[in-house]
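Numbering-wise (numbering that gives the first Met the number 0), the sequence shown opens with residue 0 and increments by one. Using N, Cα and C, we set each Cβ at its ideal position, and we do this for glycine too. Notes for the one structure printed next.
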Amino acid sequence: MTKRTFYKAYLPVVYLTAVLWLGVLTQASAQHYIKIKNTKHLYRFFERTPDRIPMISAHRGGPTKGYPENCIATFEQVLRKHPALIECDVRQTRDNRLVMMHDRTLNRTTNGEGRVSEKTWADLKNLRLKDNAGNLTSYKIPTFKEVLEWTKGKTILTLDIKRGVSAKLVVDAIRETRSQSYVAIIVYNLKDALKFHKLAPKLMLSVSVRNEADVDALKKSGIPLRQVMCFAGVGRYEKKESGEYRLKIKRGLIAMLHKLKMYATVGTMRSIDRAGKQNIKVFKKILTDFGGDILATDEPEAAYEAVKLASPAKSSKTKYFKK
């Protein structure tokens, strides 16, 4: 075979192979983004409408094998598969640096030991994160500012600010990184909601409500309701002897929030997640029968299958979702 004949015979094969590999690489790196331009867009995105698209919130960032909780690589891994809000945790070091960490101590999630609040950033910055099975990874603890810079143009962070963390430091970091349009602060009571609202009046808040009285107090608080979504509690799954099951979720509370055009987040951690992973209809029922808008879950992939089934054919919210 001459050189010319060889090129004629094999060049198309080489070209086709390259095209196929490019497609594979492109698919692998594709990201599902939620596109928000400013705080007004953020408020409209979270305005509850009849054609709303349900969402998932990946609890602690959606950790899985090889991908630790509260880690940017883990967030990216989630967004490669589907759109999601990213729920993550903020703690404060002894020298007042904000870092991403759920536990009080380093023991479970890193190769370090001791309380985060008793360590300096110099003590933490070279530690490596463990996945949920305890396997050591190459990933390191991200700072809060690194995560804020990462999220811009990609998704919305729901930030669980742990006890002892300075609200002012949190707000200062958000302002410094100009990331106010991409975050919502999780608060567990009205007192903390008012504290953050006073520090940063345009911040989006995720406020826990237990009952009608909590919602009434929120309405009277002076915080614009368009800047609030509500956490309606962690639901429960109970299986009956007959093989059927029932869900304990606050349907009336969710309906009350919808009348105020507010999103209702339902926590599915623990019993519902275990059931929903085996039966996606469990997740779907929360979205369709109970009216849940956001599933805060440790099983984001299974929950997203339910989101697809529960989403309307057409929605005014579609414009916010990009790939």
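Residue i, buried or exposed, once every other Cβ within 10 Å from all chains shown has been counted against 16
{"i": "P49", "result": "exposed"}
{"i": "E298", "result": "buried"}
{"i": "L135", "result": "exposed"}
{"i": "Y153", "result": "Here residue 153 is Lys; the residue named in the question, Tyr, does not match the sequence. K153 comes out buried."}
{"i": "R51", "result": "buried"}
{"i": "K249", "result": "buried"}
{"i": "A216", "result": "exposed"}
{"i": "R96", "result": "buried"}
{"i": "S205", "result": "buried"}
{"i": "P141", "result": "buried"}
Option in the options with minimal Cα separation from residue i
{"i": "R162", "options": "K219, D102, G111, V214", "result": "D102"}
{"i": "D130", "options": "G232, A263, C70, A172", "result": "C70"}
{"i": "D213", "options": "L198, N278, I155, Y187", "result": "Y187"}
{"i": "S220", "options": "L193, I173, F230", "result": "L193"}
{"i": "T317", "options": "M54, M255, K39, N37", "result": "M54"}
{"i": "A295", "options": "A57, K167, F45, R47", "result": "A57"}
{"i": "K139", "options": "E117, G60, N125", "result": "N125"}
DSSP three-state assignment for residue i, whether helix, strand or coil
{"i": "Y262", "result": "coil"}
{"i": "R273", "result": "helix"}
{"i": "S116", "result": "helix"}
{"i": "I85", "result": "strand"}
{"i": "T38", "result": "helix"}
{"i": "I160", "result": "strand"}
{"i": "M99", "result": "strand"}
{"i": "K238", "result": "strand"}
Element boundaries [alpha helix (DSSP H), containing residue i]
{"i": "I333", "result": "No statement about residue 333 is possible, as the shown extent of the chain runs from 0 to 322 and does not include it."}
{"i": "Y303", "result": "299-309"}
{"i": "T73", "result": "71-80"}
{"i": "L189", "result": "189-198"}
{"i": "A166", "result": "166-175"}
Where the beta strand (DSSP E) through residue i begins and ends
{"i": "F230", "result": "227-233"}
{"i": "L128", "result": "127-129"}
{"i": "Y343", "result": "The chain is shown only over 0 to 322; residue 343 falls outside these bounds and no answer can be derived."}
{"i": "L204", "result": "203-207"}
{"i": "R245", "result": "244-247"}
{"i": "V281", "result": "Per DSSP, V281 belongs to no beta strand (DSSP E); it is in the alpha helix (DSSP H), 279-287."}
{"i": "V214", "result": "Counting along the chain, V214 falls outside any beta strand (DSSP E), though it belongs to the alpha helix (DSSP H) covering 211-219."}
Cutoff 8 Å: residue i Cβ touching any chain D Cβ
{"i": "L128", "result": "In the structure shown, chain D does not exist; there is a single protein chain."}
Identified DSSP bridge partners for residue i
{"i": "T296", "result": "A57"}
{"i": "Q30", "result": "Q30 pairs with nothing; no bridge assigned."}
{"i": "Y66", "result": "T63"}
{"i": "F320", "result": "I33"}
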